[in-house]
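> Sharing a structure with you now.
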Ligand SMILES: [Zn+2]
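Residue numbers (this note's numbering): 9 to 282.
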């Protein structure tokens with residue numbers, strides 16, 4: 009299979025309250041890193057960011073998002089960026105989500121005809137909304153009309169030590185879900201088997217790449233405990249990323265919200281904080 013074209017889009021910028029408490033970790037703002045895969049006239053999105061309506065009026069996202077302070081920049085919606093690149097949004101046949109948090113699933117409503125893939129455990133968790141926190145972070149109207157493709161929970165070995173679920177028919181079989189549970193109950197990375205340049209979009213497995221190497225301060229540890237549904241699992245998932253990069257040295261690992269990983273994003277990735 010020839011390499012896929014894999015483009016970074018920055019689909020929302022937020023200026024979260026309190027981000028300056030962590031000067032070693034963040035650049036003062038957060039991005040929303042969505043990938044656009046182009047394959048034989050068909051487009052696949054990895055994560056969906058926010059919708060046009062939510063980017064016009066971020067207060068639609070409710071109380072949980074208020075502290076994230078998304079900038080009202082509708083031009084960042086994936087559908088607008090896809091049009092600006094010269095595509096027809098109807099070419100988006102598939103959307104693969106790392107998880108269903110409101111800042112990852114909002115854009116689904118702009119692509120009502122796309123097939124949508126997520127780990128089955130995540131869809132079950134979002135539908136159940138078992139805890140108060142899950143009632144706030146999941147916004148059912150974003151995804152209840154989505155055209156779900158039932159994925160199996162069974163994994164196969166993608167590379168030695170890398171267990172993954174192949175998504176049938178997505179970008180010619182080159183896209184996989186890699187369970188990285190913890191941030192949410194079914195949170196998963198999305199692995200793109202792209203010739204010699206595989207990519208792992210690991211969603212919110214970490215917020216800043218320094219989490220992979222730097223010991224957390226107490227306050228940062230408290231922050232992580234507040235954002236992960238299952239902190240112990242999230243810690244294990246984070247550690248597993250190192251095993252993946254050891255097994256596949258060419259692997260490029262990216263996350264959703266770290267501005268430093270957005271090189272080459274369209275439009276300009278690193279808009280300075282206000
Ligand atoms: Zn997120």
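Even for Gly, the Cβ is constructed at its ideal location relative to N, Cα and C.
The structure displayed is predicted, hence computed values, not measured ones.
Just how far apart, CA to CA, sit residue 78 and residue 61?
Taking the first residue of the chain shown as position 1, residue 78 is located at position 70. Taking the first residue of the chain shown as position 1, residue 61 is located at position 53. Distance between the alpha carbons of residue 78 and residue 61: 13 Å.
> Starting from the N-terminal side, write out each stretch of the alpha helix (DSSP H) that is 4 residues or longer and does not extend beyond the region 85–172.
Taking only runs of at least 4 residues, the alpha helix (DSSP H) segments lying wholly in the region 85–172 are 86–92, 110–113, 128–136, 140–145.
> As an exercise, report each continuous beta strand (DSSP E) stretch of at least 3 residues that is fully enclosed by the region 184–258, in chain order.
The region 184–258 contains these whole beta strand (DSSP E) runs: 196–200, 207–209.
> Taking 8 Å as the threshold, find out whether the region 88–95 comes into contact with the region 124–131 through three or more Cβ pairs.
The region 88–95 is not in contact with the region 124–131.
> What residue does the alpha helix (DSSP H) around residue 74 start on, and which one ends it?
If you number the chain shown from 1, residue 74 lands on position 66. Here the alpha helix (DSSP H) through residue 74 covers 71–74.
> In three-state terms, what does DSSP make of residue 176?
Locating residue 176 in the chain shown gives position 168, counting from the first residue. It is coil, neither helix nor strand.
> Consult DSSP for residue 21 and reduce its assignment to one of helix, strand or coil.
Residue mapping note: residue 21 aligns to position 13 of the chain shown, counting from 1. Coil at residue 21, not helix or strand.
> Could you name the residues of the same chain whose beta carbon sits closer than 8 Å to that of residue 250, not counting the 5 residues immediately before and after it, in chain order?
Residue 250 sits at position 242 when you count from the first residue of the chain shown. Around residue 250: 220.
> Please report how far the alpha carbon of residue 65 lies from the alpha carbon of residue 80, in whole angstroms.
For the purposes of this step, residue 65 is identified with residue 57 of the chain shown, where counting begins at 1. For the purposes of this step, residue 80 is identified with residue 72 of the chain shown, where counting begins at 1. Looking at the two C-alpha atoms, the distance is approximately 6 Å.
> DSSP on residue 29, reduced to helix/strand/coil?
To locate residue 29, count along the chain shown from 1; it is residue 21. In this structure, residue 29 counts as helix in the three-state DSSP scheme.
> If you drop the 5 nearest sequence neighbours on each side, which residues of the same chain put their C-beta closer than 6 Å to that of residue 13?
The residue given as residue 13 occupies position 5 in the chain shown. Around residue 13: 46.
> Take residue 111 as the anchor and find which of 99, 148, 129, 132 has the nearest alpha-carbon.
Within the chain shown, residue 111 is the residue found at index 103, counting from 1. Cα-wise, what sits closest to residue 111 is 148.
> What separation, rounded to the nearest whole angstrom, lies between the Cα atoms of residue 18 and residue 43?
The sequence position of residue 18 within the chain shown is 10, counting from 1. The sequence position of residue 43 within the chain shown is 35, counting from 1. Taking the straight line from one Cα to the other gives about 9 Å.
> Would you say residue 192 touches ligand 1, meaning its beta carbon is less than 7 Å from a heavy atom?
Your numbering for residue 192 matches position 184 in the chain shown. Residue 192 Cβ: outside cutoff for every heavy atom of ligand 1.
> Roughly how many angstroms lie between the CA atoms of residue 98 and residue 86, to the nearest whole one?
Indexing the chain shown from 1 puts residue 98 at position 90. Indexing the chain shown from 1 puts residue 86 at position 78. Looking at the two C-alpha atoms, the distance is approximately 12 Å.
> Look at the alpha carbon of residue 266 and the alpha carbon of residue 211, and state the distance between them as a whole number of angstroms.
The residue given as residue 266 occupies position 258 in the chain shown. The residue given as residue 211 occupies position 203 in the chain shown. The alpha-carbon atoms of residue 266 and residue 211 are separated by roughly 10 Å.
> Anyone know if the C-beta pair for residue 55 and residue 192 falls short of 8 Å?
For the purposes of this step, residue 55 is taken as residue 47 along the chain shown, with counting starting at 1. For the purposes of this step, residue 192 is taken as residue 184 along the chain shown, with counting starting at 1. For residue 55 and residue 192, no; Cβs fall outside 8 Å.
> Between the region 150–165 and the region 22–41, can you find at least three pairs of beta-carbon atoms closer than 8 Å?
No contact exists between the region 22–41 and the region 150–165.
> Determine contact between the region 187–202 and the region 232–249, defined as no fewer than three beta-carbon pairs at a distance below 8 Å.
Contact between the region 187–202 and the region 232–249 is present, because at least three Cβ pairs lie under 8 Å.
> For ligand 1, any of its heavy atoms closer than 7 Å to the Cβ of residue 212?
As a first step, residue 212 is located in the chain shown; it is residue number 204 there, counting from the start. Checking every heavy atom of ligand 1 against the Cβ of residue 212, one is found closer than 7 Å.
> Leaving aside the five residues before and after residue 181 along the sequence, list all residues of the same chain whose C-beta is less than 7 Å from its C-beta, in chain order.
Counting from 1 along the chain shown, the entry for residue 181 is found at position 173. Cβ within range, chain order: 174.
> According to DSSP, residue 50 sits in a beta bridge with which residue or residues?
Taking the chain shown and counting its residues from 1, one reaches residue 50 at position 42. The partner list for residue 50 (beta bridge, DSSP) reads 47.
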